[in-house]
Every structure is written in structure tokens, then in C-alpha cells.
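Chemist:
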Amino acid sequence: MISPCQGGKVINNDNLGGVMRKSVPVLCVVAVFALQGQARAVDKNYDMSIFLNQQHPFLVKSPAPVAAPQPAARPVAKARPTRAVARQAVNAPSEMAMTPANNTITAKPWGGFISEVRIGALAHDVGPFSAKKEDGMDTNLEVLFASPEFLDVIWSPRPQLGINYNTSGDTSQAYMGLEWEYGFWDGWFASFGFGGAVHDGHLVGDKAGKTDRKSLGCRLLFREALNLGYRFGGRHAVMVQLDHISNASLCEKEVDNDATGGRHTVTLNEGLETLGVRYGYLF
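Under our numbering, the first residue of the sequence shown is numbered 574, with each subsequent residue one higher.
Rendered as C-alpha cells:
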């Protein structure tokens, strides 16, 4: 077989194979130099040190989390002091005060229970609700106690004990009850007392036929009292008092009938009033 010719020479197969065997090493050398040139070109376009000097992405610290805003705290209302705490808190005389809302005095009681002591001079049997028969003056002494909590349901009255002693030997009395007091303007106050009284007077007038003693009907009577006064200096008070004792026409007695010589039943309820001035000292 005859291969194409080159340079006017005929090349057979054997010559062609020898040429190719001699060309392989040359081609390999050329390829190596070509690859080296390409590597240098790539090396000039990409610097590996830039990548190697970068910080690892896992070492980058994430920004601190922002705390969520908290709702504002609502103010807590202070508890109102109890009745017992309010009473204990008032110790000095200047701290005494009238409390019209519940009609109680917030001064600290002496000994824990005595609230006030009052003394006075009263005109005896002055009316206006009964005829005047008896004479003399009455010396009055009265003690008022701190209102206990169970009386709050009836507006906190103060319990009271007192005595009216008649200087002329006529009717004297001892009494007890409850007193409601209300301060209405700049130290002024009014009070109302209700209770019972026991007396040493006559039930059926004067047995000797005299008319200078009241027929009070029963030994135990109802008692009502009104006071109008003024408080000053933290503990002191002056007041005018009118009181009245009677049996509300509940007492009946058998008496002699002078006209017929017999006896008949009558209702005896003449009543008795005193009026005067008193001084009070508040503990």
C-alpha cells in the first residue's frame, strides 16, 4: 500500500510508523510546557492566599439578641388601715380627730377602754316636758367608753355610765346607755344619748301629802339626753346638756281616791328633766 507522498517521496507504512514513534516524545514535551504555561497564567489570575487568610465563617460572632420590651408594672394600691390600726396610730393629743363618717372619736382610750370623762352642774327638775316640783342642783359625773367594733352596725355609739346626785335630797339617779356624737363644724359637735336610769325618788308622789316630789311610777325609767358642745386643745370640751327620764306611760299604780274613799288605778309618769353645763376630758 502506498501512502500519500511528501516532498516527492513515497512513504510506505514502515516509514510512517517509525516517524510516529519518534514524534510521541516530542509531543509529550510540548504538552508539558503547554500545561506549565497555562498554570502560570491561572496562577497570575487567582491568588490562593486571599482565600487562606479569610476568617472561618463559624468563628464570626452573631450580634447579641435584643431583649423584648417588658410591659410596665401596674402600681399596687395600698391597703386601707383597719379600724384597730387607725385607732392605735393616734397617740398624741394633737392627733385627736372627729370622724363624722362613722361618728366615732379616734383618740386612744385610757387603759384601752375609757374614752372620755365628764363632770358638770345641772339645774334639777326644770322642764320643759314636765311640771316643776323638786328643787336643788344636780352634780353630774359621766364616763364614756370606746365604741366596740360590734357597734359599728349602729354607727359606733360610745357606751356611757353616769350619775346625777341631787344636793337638796330630792331625786337622784344613776344611768347607763349609748351616745352617738357627730362633729359638724370646726370643733363643734352634737350628741344624742339613749338608755335607762334607776332613781331613788317617789313612785307615787309624797306619802305625807306634800306636793314637792314627783310621781315617777317605776323604779327603772327610760333616759334620753341631748348635748351641744365645742372641742378645743385636742382633748378638752365644754357642752350644754338637757336630759329627761320617764316611763313612757307604762307604769300603773293603785292610789287612794280622796273623793270616794276608795282606790283606783292611775298611770303615773310625771317625768323629770335637768339642764346644765359640763366639761369633758378626752383620753
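Backbone N, C-alpha and C define an ideal beta-carbon position, used for all residues, glycine too.
Bear in mind that the values here come from a model prediction, so they are computed numbers and not experimental data.
Grab the span of the beta strand (DSSP E) containing Leu-848 for me, first residue to last.
Modeler: Here the beta strand (DSSP E) through Leu-848 covers 845-855.
Chemist: Return the first residue and the last residue of the beta strand (DSSP E) that Ser-819 is part of.
Modeler: Its beta strand (DSSP E) spans residues 809-819.
Chemist: Is Leu-751 near the ligand ADP, in the sense that its beta carbon is under 8 Å from a heavy atom of that ligand?
Modeler: Ligands are entirely absent from the displayed structure, and the ligand ADP is therefore not among its contents.
Chemist: Give the C-beta separation of Ala-747 and Val-771 to the nearest angstrom, bearing in mind that I take them to be a contact with Cβ-Cβ under 8 Å.
Modeler: With 8 Å as the limit, Ala-747 and Val-771 qualify as a contact, their Cβ atoms being about 6 Å apart.
Chemist: Report yes if the C-beta distance between Ser-822 and Leu-845 is below 9 Å; otherwise report no.
Modeler: The answer is no: Cβ separation not under 9 Å.
Chemist: Round the Cβ separation of His-809 and Tyr-854 to the nearest angstrom and send it over; I've been treating them as touching at under 8 Å.
Modeler: Indeed they touch by this definition, with Cβ atoms about 6 Å apart.
Chemist: My output table needs one value for Asp-708: the three-state DSSP class, helix, strand or coil.
Modeler: Residue state, collapsed to three classes: coil.
Chemist: Leaving out five residues on either side along the sequence, give the residues of the same chain with a beta carbon under 7 Å from the beta carbon of Arg-851.
Modeler: Same-chain partners within the cutoff: Arg-691, Ile-692, Gly-693, Asn-713, Met-812, Gln-814.
Chemist: I need the DSSP call for Leu-776, collapsed to helix, strand or coil.
Modeler: Correct three-state label for Leu-776: coil.
Chemist: Please classify Thr-840 as buried or exposed, where buried requires at least 16 neighbouring CB atoms within 10 angstroms.
Modeler: By the 10 Å Cβ count, Thr-840 comes out exposed.
Chemist: Can you give the Cα-Cα distance for Gly-684 and Arg-792, rounded to whole angstroms?
Modeler: The straight-line gap from Cα to Cα measures roughly 33 Å.
Chemist: Use the C-beta contact count for Glu-827: other C-beta atoms within 10 angstroms, 16 or more gives buried, fewer gives exposed.
Modeler: When all chains shown are included, Glu-827 counts as exposed.
Chemist: Give me, in chain order, the residues of the same chain whose beta-carbon lies closer than 6 Å to that of Met-749; leave out the 5 immediate sequence neighbours on both sides.
Modeler: Correct list, in chain order: Leu-734, Gly-768.
Chemist: Given a cut-off of 9 Å on the beta-carbon distance, is the pair Gly-849 and Asp-711 in contact?
Modeler: Taking 9 Å as the Cβ cut-off, Gly-849 and Asp-711 qualify as a contacting pair.
Chemist: For Thr-740, count neighbouring Cβ atoms within 10 angstroms of its own Cβ and tell me buried if that reaches 16, exposed if not.
Modeler: With fewer than 16 other Cβ atoms within 10 Å, it is exposed.
Chemist: Would you kindly check if the distance between the Cβ of Leu-717 and the Cβ of Pro-701 is under 9 Å?
Modeler: Not closer than 9 Å, so no.
Chemist: To the nearest angstrom, report how far apart Tyr-738 and Asp-773 are at their CA atoms.
Modeler: So the alpha carbons of these two residues sit roughly 10 Å apart.
Chemist: Compute the Euclidean distance between the alpha carbons of Asn-676 and Pro-721, then round it to the nearest angstrom.
Modeler: With a pLDDT of only 49 at Asn-676, under 50, the local geometry of the prediction cannot be trusted, and no value is derived from it.
Chemist: So Asp-816 and Thr-847 are in contact, right, with Cβ under 8 Å, and what is the actual spacing, rounded?
Modeler: Between Thr-847 and Asp-816 the Cβ distance is about 6 Å, and since that is below 8 Å, they are a contact.
Chemist: Just reading off the beta strand (DSSP E) that Gly-684 is part of, what are its end residues?
Modeler: Neither: Gly-684 is in no beta strand (DSSP E) and is coded neither H nor E.
Chemist: Check each candidate in Phe-805, Pro-682, Arg-804, Glu-707 and name the one with the smallest Cα separation from Ser-745.
Modeler: Here the closest residue by C-alpha is Glu-707.
Chemist: If contacts are defined as beta-carbon pairs under 8 Å, then Gly-802 and Phe-765 qualify, I think. What distance do you get, rounded to the angstrom?
Modeler: At roughly 13 Å, the Cβ-Cβ gap does not stay under 8 Å, so Gly-802 and Phe-765 are not in contact.
Chemist: Can you tell me the Cα-Cα spacing of His-775 and Gly-790, whole angstroms?
Modeler: About 8 Å.
Chemist: According to the neighbour-count rule (16 or more other Cβ atoms, all chains shown, within 10 Å of its Cβ), is Gly-807 buried or exposed?
Modeler: Exposed is the call here.
Chemist: Short check: CB of Ser-703 to CB of Glu-843, under 9 Å?
Modeler: Cβ atoms of Ser-703 and Glu-843: closer than 9 Å.
Chemist: If I measure Cβ to Cβ from Pro-730 and keep anything under 7 Å in the same chain, skipping five residues before and after, which residues do I get?
Modeler: Cβ within range, chain order: Ser-720, Leu-724, Leu-751, Glu-752, Trp-753.
Chemist: Please list, in chain order, all residues of the same chain as Lys-705 whose beta carbon is under 8 Å from its beta carbon, the five residues on each side excluded.
Modeler: Same-chain partners within the cutoff: Asp-698, Val-699.
Chemist: Buried or exposed for Asp-829, please, with buried defined as at least 16 other CB atoms from any protein chain shown within 10 angstroms of its CB.
Modeler: Exposed, by the Cβ-count rule.
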